[in-house]
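Under our numbering, think of the first position of the sequence shown as 384, with each following residue one higher. Ideal Cβ positions, reconstructed from N, Cα and C, are used throughout, including at glycine. These notes concern the structure reproduced below.
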Amino acid sequence: MDTETTTASTGVLSAFPDHWQRRHLLDLESLSAEELHVILRLAEEFKQYMNRSREKLSLLKGKTCANIFFEDSTRTRNSFSLAARRLGADTIEFSASSSSVSKGETIIDTAKTIEAMNVDLLVVRHRTPGTPHLLSQNVDCAVINAGDGPHEHPTQGLLDILTIQQHRGDLTGLTVALVGDIAHSRTARSNIWGLKKLGAHVIVCGPSTLVSQDWETLGVEVAYNLDEILPRCDVLNLLRIQFERQYTRPFPSVREYALLYAMNRERMKSAKDDILIMAPGPINRGVEITPDVADGPHSVILDQVNNGLAVRMAVLSLLLHGGTANSASPGADSATQ
Ligand code: CP
Numbered sequence: 384m385d386t387e388t389t390t391a392s393t394g395v396l397s398a399f400p401d402h403w404q405r406r407h408l409l410d411l412e413s414l415s416a417e418e419l420h421v422i423l424r425l426a427e428e429f430k431q432y433m434n435r436s437r438e439k440l441s442l443l444k445g446k447t448c449a450n451i452f453f454e455d456s457t458r459t460r461n462s463f464s465l466a467a468r469r470l471g472a473d474t475i476e477f478s479a480s481s482s483s484v485s486k487g488e489t490i491i492d493t494a495k496t497i498e499a500m501n502v503d504l505l506v507v508r509h510r511t512p513g514t515p516h517l518l519s520q521n522v523d524c525a526v527i528n529a530g531d532g533p534h535e536h537p538t539q540g541l542l543d544i545l546t547i548q549q550h551r552g553d554l555t556g557l558t559v560a561l562v563g564d565i566a567h568s569r570t571a572r573s574n575i576w577g578l579k580k581l582g583a584h585v586i587v588c589g590p591s592t593l594v595s596q597d598w599e600t601l602g603v604e605v606a607y608n609l610d611e612i613l614p615r616c617d618v619l620n621l622l623r624i625q626f627e628r629q630y631t632r633p634f635p636s637v638r639e640y641a642l643l644y645a646m647n648r649e650r651m652k653s654a655k656d657d658i659l660i661m662a663p664g665p666i667n668r669g670v671e672i673t674p675d676v677a678d679g680p681h682s683v684i685l686d687q688v689n690n691g692l693a694v695r696m697a698v699l700s701l702l703l704h705g706g707t708a709n710s711a712s713p714g715a716d717s718a719t720q
């Protein structure tokens, strides 16, 4: 029995559901609470496995995953690549800046071209909302939304929720505040859909130019004064000011924003003793968070990054193997030979 077949019999697969119907992961809005729990349970198992072993699994042996990113990324792109390789898949890295997109190829033709190389799954990031949805209707392979403009970033929402669960257990009744550039944040939308389905109370907080009262229609509390809400928050998720998506400046100066909304040592004094400080990253030190808080004992920012790998392993394996993994995966089969 070789290394791969040995690792396939480690018990990692026990959290696979009997049935998983979804071919794509495009958003958290359309997922049920049960589907969220299935992904989170599996991600937790992958995390436990990775804490014990760095050996590759063979669950996705013979599969190929392509990252097609039209926007920059450090965390998402690298963790999808690593997740695919840890599961035994081959990977393709597509970079828009050095591709034939610059010669006028459409995004649908680009996606079909990559799919024609026997690719099983596309991980797509694009500045235009709905791009992964459009591609899912035009290719036969699976599609994951890795961030579509300000719309959604489902695996970011999942890894944020997994991180909260690991520190707080059940989300029911927890108060989670999303602070900052809510208007342009795909992380905010995915967090809201996921957190609300799992029973958390969600507050969106920031300057009125970045937090419309309309957010109340999603069932969240809208707040403009961080100091007023801070004492009742269990979790703060500090969202980056996305200057690259703004056409006008939403506040007079970065210094004024930081005075009103940056999480700093002084504000920590009025927070709960066990508050979790989160940020999807990249973080702007000194804007939404000061370095002492970002690197302090309440920060779980690097836990979020670590959980991103586990969540992406869970999503990749569910979409490419679904409920058949226990009985028909190459890893499970070969482990019994
Ligand atoms: N949080 C997040 O999506 O980070 P990247 O842009 O680095 O992928």
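ask   = What did DSSP end up calling residue 682 once you bin it into helix, strand or coil?
value = As a first step, residue 682 must be located in the sequence shown, where it is residue number 299. Three-state DSSP puts residue 682 in a strand.
inquiry  = Check this for me: beta carbons of residue 554 and residue 690, under 8 Å apart or not?
reply    = Looking up residue 554 in the sequence shown gives position 171. Looking up residue 690 in the sequence shown gives position 307. In this structure, the beta-carbon distance from residue 554 to residue 690 does not fall below 8 Å.
message = Residues in the same chain with beta-carbon distance under 6 Å from residue 719, minus the five sequence neighbours each way, listed in chain order, please.
response = Stepping through the sequence shown from its first residue, residue 719 is reached at position 336. The predicted model places residue 719 with a pLDDT of 28, which falls under 50 and marks its position as unreliable, so this point remains unresolved.
task = Can you tell me which of the three DSSP states residue 696 falls into?
result = Here residue 696 refers to the residue found at position 313 of the sequence shown. It is helical.
key: Cβ-Cβ distance between residue 482 and residue 474 below 8 Å   = Working through the sequence shown from its first residue, we reach residue 482 at position 99. Working through the sequence shown from its first residue, we reach residue 474 at position 91. Not a contact, by the Cβ cut-off of 8 Å.
Helix, strand or coil at residue 461 [DSSP, three-state] = Numbered from 1 along the sequence shown, position 78 holds the residue referred to as residue 461. If DSSP states are grouped into helix, strand and coil, residue 461 belongs with the helices.
ask   = Can you tell me whether DSSP reads residue 437 as helix, strand or coil?
value = Along the sequence shown, read from residue 1 onward, the residue named residue 437 stands at position 54. When secondary structure is reduced to three states using DSSP, residue 437 falls in the coil class, being assigned neither helix nor strand.
ask   = With burial defined as no fewer than 16 other Cβ atoms inside 10 Å of the residue's Cβ, what is the status of residue 459: buried or exposed?
value = Numbered from its first residue, the sequence shown carries residue 459 at position 76. Here residue 459 is buried: its Cβ has 16 or more other Cβ atoms, across all protein chains shown, within 10 Å.
message = What does the alpha-carbon distance come out to for the pair residue 456 and residue 665?
response = Taking the first residue of the sequence shown as position 1, residue 456 is located at position 73. Taking the first residue of the sequence shown as position 1, residue 665 is located at position 282. The straight-line gap from Cα to Cα measures roughly 9 Å.
query = Closer than 7 Å: is that where the CB of residue 478 sits relative to any heavy atom of the ligand CP?
reply = Working through the sequence shown from its first residue, we reach residue 478 at position 95. Every heavy atom of the ligand CP is 7 Å or more from the Cβ of residue 478, so no.
ask   = When the Cα atoms are used, what is the spatial distance from residue 608 to residue 552?
value = For the purposes of this step, residue 608 is taken as the residue at position 225 of the sequence shown. For the purposes of this step, residue 552 is taken as the residue at position 169 of the sequence shown. Rounded to the nearest angstrom, the two C-alpha atoms are 28 Å apart.
inquiry  = My output table needs one value for residue 500: the three-state DSSP class, helix, strand or coil.
reply    = Counting from 1 along the sequence shown, the entry for residue 500 is found at position 117. In the three-state reduction of the DSSP assignment, residue 500 falls in the coil class.
request  = Inspect the beta-carbon positions of residue 663 and residue 622 and report whether they are closer than 8 Å.
outcome  = In the sequence shown, counting from the first residue as 1, residue 663 sits at position 280. In the sequence shown, counting from the first residue as 1, residue 622 sits at position 239. Against a cut-off of 8 Å, the Cβ pair of residue 622 and residue 663 comes out as a contact.
request  = In angstroms with no decimal places, state the Cα-to-Cα distance between residue 384 and residue 472.
outcome  = Here the question's residue 384 lines up with position 1 in the sequence shown. Here the question's residue 472 lines up with position 89 in the sequence shown. Legend: pLDDT at residue 384 = 36, less than 50; position of this residue unreliable, value from coordinates given subsequently. If you take the alpha carbons of residue 384 and residue 472, they lie about 20 Å apart.
query = Relative to the ligand CP, is the shortest distance from any of its heavy atoms to the C-beta of residue 664 smaller than 7 Å?
reply = Indexing the sequence shown from 1 puts residue 664 at position 281. Checking every heavy atom of the ligand CP against the Cβ of residue 664, one is found closer than 7 Å.
Beta strand (DSSP E) runs wholly inside the segment 478-531, at least 3 long, in chain order = Within the segment 478-531, the complete beta strand (DSSP E) segments at least 3 residues long are 504-509, 525-531, listed from N- to C-terminus.
ask   = Should residue 600 be listed as close to the ligand CP, given that the test is whether its C-beta is under 7 Å from any heavy atom?
value = In the sequence shown, residue 600 corresponds to position 217, counting from 1. Remark: the C-beta of residue 600 is outside contact range of the ligand CP, defined as less than 7 Å to any heavy atom.
key: Pairwise C-alpha distance: residue 638 and residue 476   = Reading the sequence shown from its first residue, position 93 is the one you call residue 476. Reading the sequence shown from its first residue, position 255 is the one you call residue 638. As the crow flies, the alpha-carbon of residue 476 is around 38 Å from that of residue 638.
ask   = How about residue 521 and residue 561: are their beta carbons less than 8 Å apart?
value = The residue you call residue 521 lines up with position 138 of the sequence shown. The residue you call residue 561 lines up with position 178 of the sequence shown. Not in contact: residue 521 and residue 561 (Cβ atoms no closer than 8 Å).
task = Kindly indicate the opening and closing residues of the alpha helix (DSSP H) around residue 550.
result = Residue mapping note: residue 550 aligns to position 167 of the sequence shown, counting from 1. For residue 550, the uninterrupted alpha helix (DSSP H) run begins and ends at 537-551, by DSSP.
message = Looking only at its chain, what residues have a beta carbon closer than 7 Å to the beta carbon of residue 465, apart from the 5 residues adjacent to it on each side?
response = Translated into the one-based positions of the sequence shown, residue 465 becomes position 82. Excluding residues within five positions, the ones whose Cβ falls inside 7 Å are 692.
ask   = In terms of residues, what are the limits of the beta strand (DSSP E) holding residue 449?
value = In the sequence shown, residue 449 corresponds to position 66, counting from 1. Residues 447-452.
request  = Kindly indicate which residue of 597, 572, 616 has the alpha-carbon position closest to the one of residue 584.
outcome  = Indexing the sequence shown from 1 puts residue 584 at position 201. Minimum Cα distance to residue 584 is reached at 616.
message = Once the 5 residues before and after residue 571 are set aside, which same chain residues still bring their CB inside 7 Å of it?
response = Within the sequence shown, the letter at position 188 stands for residue 571. 561, 565, 587, 622.
message = the ligand ATP and residue 536: does the residue's C-beta get closer than 7 Å to at least one heavy atom of that ligand?
response = What this structure holds is the ligand CP, not the ligand ATP.
ask   = Could you give the distance in angstroms between the alpha-carbon of residue 544 and the alpha-carbon of residue 490?
value = Counting from 1 along the sequence shown, the entry for residue 544 is found at position 161. Counting from 1 along the sequence shown, the entry for residue 490 is found at position 107. Residue 544 and residue 490: Cα-Cα distance of roughly 31 Å.
request  = On a CA-only basis, which of 407, 650, 633 is nearest residue 527? Give me that one, please.
outcome  = Start at 1 with the first residue of the sequence shown, and residue 527 comes out as number 144. Nearest option by C-alpha distance: 407.
key: Cβ-based burial, residue 671 [other Cβ within 10 Å; buried from 16]   = As a working note, residue 671 is residue 288 in the sequence shown. Buried, since its Cβ has 16 or more Cβ neighbours within 10 Å.
key: For residue 660 and residue 444, the rounded distance between their alpha carbons   = Reading the sequence shown from its first residue, position 61 is the one you call residue 444. Reading the sequence shown from its first residue, position 277 is the one you call residue 660. In this structure, the alpha-carbon of residue 444 lies about 38 Å from that of residue 660.
Per DSSP, the bridge partner or partners of residue 659 = Position 276 of the sequence shown, counting from 1, holds the residue named residue 659. Looking at the DSSP output, residue 659 shares a beta bridge with 618.
ask   = Roughly how many whole angstroms lie between the Cα atoms of residue 503 and residue 618?
value = Counted from its first residue, the sequence shown places residue 503 at position 120. Counted from its first residue, the sequence shown places residue 618 at position 235. C-alpha separation (whole angstroms): 37 Å.
inquiry  = Please state whether the Cβ-Cβ distance between residue 463 and residue 529 is less than 8 Å.
reply    = Taking the sequence shown and counting its residues from 1, the one referred to as residue 463 is at position 80. Taking the sequence shown and counting its residues from 1, the one referred to as residue 529 is at position 146. If you check the CB distance, residue 463 and residue 529 come in under 8 Å.
request  = State yes or no: is the beta carbon of residue 615 nearer than 8 Å to at least one beta carbon in chain B?
outcome  = Structure shown: chain B not included; a single protein chain is present.
task = For residue 397, I'd like the list of residues in its chain whose CB is within less than 6 Å of its CB, leaving aside the five on either flank, ordered along the chain.
result = For the purposes of this step, residue 397 is identified with residue 14 of the sequence shown, where counting begins at 1. The answer is none, since no qualifying residue turns up.
inquiry  = Does the beta-carbon of residue 695, which I'm using as the reference point, lie nearer than 7 Å to any heavy atom of the ligand CP?
reply    = The residue labelled residue 695 in the question sits at position 312 within the sequence shown. No, the beta carbon of residue 695 sits no closer than 7 Å to any heavy atom of the ligand CP.
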